[in-house]
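Under my numbering, residues 9 to 148 are what the sequence shown spells out, in order. We put the beta carbon where it would ideally sit given N, CA and C, even for glycine. Structure first, then comments.
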Amino acid sequence: TYRSEHRVVTKSGAVRYHLSVGKVVAWDAAGQPQRMVGTNTDITERKLAELALQRLNAGLEATVATRTAELAATVAQLAQANAAQQAFLAAASHELRTPLMGSLGIAELLQQVPPTDGQRQQRHLWRGIRQYLHQHPHHQ
Numbered sequence: 009t010y011r012s013e014h015r016v017v018t019k020s021g022a023v024r025y026h027l028s029v030g031k032v033v034a035w036d037a038a039g040q041p042q043r044m045v046g047t048n049t050d051i052t053e054r055k056l057a058e059l060a061l062q063r064l065n066a067g068l069e070a071t072v073a074t075r076t077a078e079l080a081a082t083v084a085q086l087a088q089a090n091a092a093q094q095a096f097l098a099a100a101s102h103e104l105r106t107p108l109m110g111s112l113g114i115a116e117l118l119q120q121v122p123p124t125d126g127q128r129q130q131r132h133l134w135r136g137i138r139q140y141l142h143q144h145p146h147h148q
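If you want it as structure tokens, here you go:
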């Protein structure tokens with residue numbers, strides 16, 4: 009039994025694809041093939057569709073590889089930007105917290121003196137700032 013797909017160029021130069029299938033049906037006394045039967049089928053349309061699909065798949069694989077590389081580069085850039093943002097926020101938080109903590113220390117000392125009405129309002133504001141800073145320590 010045999011099965012073969014092959015390319016055929018016609019006298020006019022056109023390219024066709026054929027499928028040949030056959031088998032030996034008679035042998036001589038020495039076991040050599042004497043007669044075969046089989047078919048030749050024109051599979052040009054199917055073969056051209058397969059070749060077109062192979063080309064499309066190759067193009068799609070190239071596009072996926074390109075897009076994947078672009079996405080990986082974008083992810084790396086975003087990671088760097090995020091790290092820079094975190095560093096900036098940490099530095100800005102430190103720069104803001106340092107003078108505030110000193111001011112809070114002074115405010116605590118001032119609490120030991122009887123306040124005026126205006127000072128009571130300021131103390132209330134400072135207490136709120138202190139509570140916020142102590143509740144959000146992760147920005148130091």
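For residue j and residue i, believed in contact at Cβ under 8 Å, the rounded distance
i      : j      : result
Ser28  : Gly39  : In fact, because the Cβ distance is near 23 Å, the residues do not count as touching under 8 Å.
Asp50  : His14  : Asp50 to His14, Cβ: 12 Å. No contact.
Leu112 : Arg138 : 5 Å
Collapsed DSSP secondary structure at residue i in the structure displayed
i      : result
Gln42  : strand
His142 : helix
Gly136 : helix
Gly21  : coil
Straight-line Cα distance separating residue j from residue i
i      : j      : result
Gln148 : Leu104 : Interpretation of Gln148 is limited by its pLDDT of 49, a score under 50 that renders its predicted location unreliable; the figure taken from the coordinates is listed afterwards. If you take the alpha carbons of Gln148 and Leu104, they lie about 9 Å apart.
Ala87  : Ala80  : 11 Å
Gln119 : Arg131 : 8 Å
Thr74  : Ala57  : 26 Å
Gly136 : Ala99  : 23 Å
Gly30  : Gly21  : 27 Å
Arg24  : Ala66  : 23 Å
Lys55  : Leu68  : 20 Å
Tyr140 : Pro107 : 15 Å
Ala34  : Asn48  : 20 Å
Asp36  : Val16  : 32 Å
Pro41  : Thr18  : 29 Å
Gln43  : Thr52  : Residue 43 is actually Arg in this sequence, not Gln. Cα to Cα, Arg43 sits roughly 28 Å from Thr52.
Residue range of the beta strand (DSSP E) that includes residue i
i     : result
Lys55 : Element bounds for Lys55: not the beta strand (DSSP E) but the alpha helix (DSSP H), Thr52 to Leu118.
Inter-stretch contact (C-beta, 8 Å, three-pair minimum) for the region 85 to 92 and the region 60 to 73: Not touching, per the Cβ criterion.
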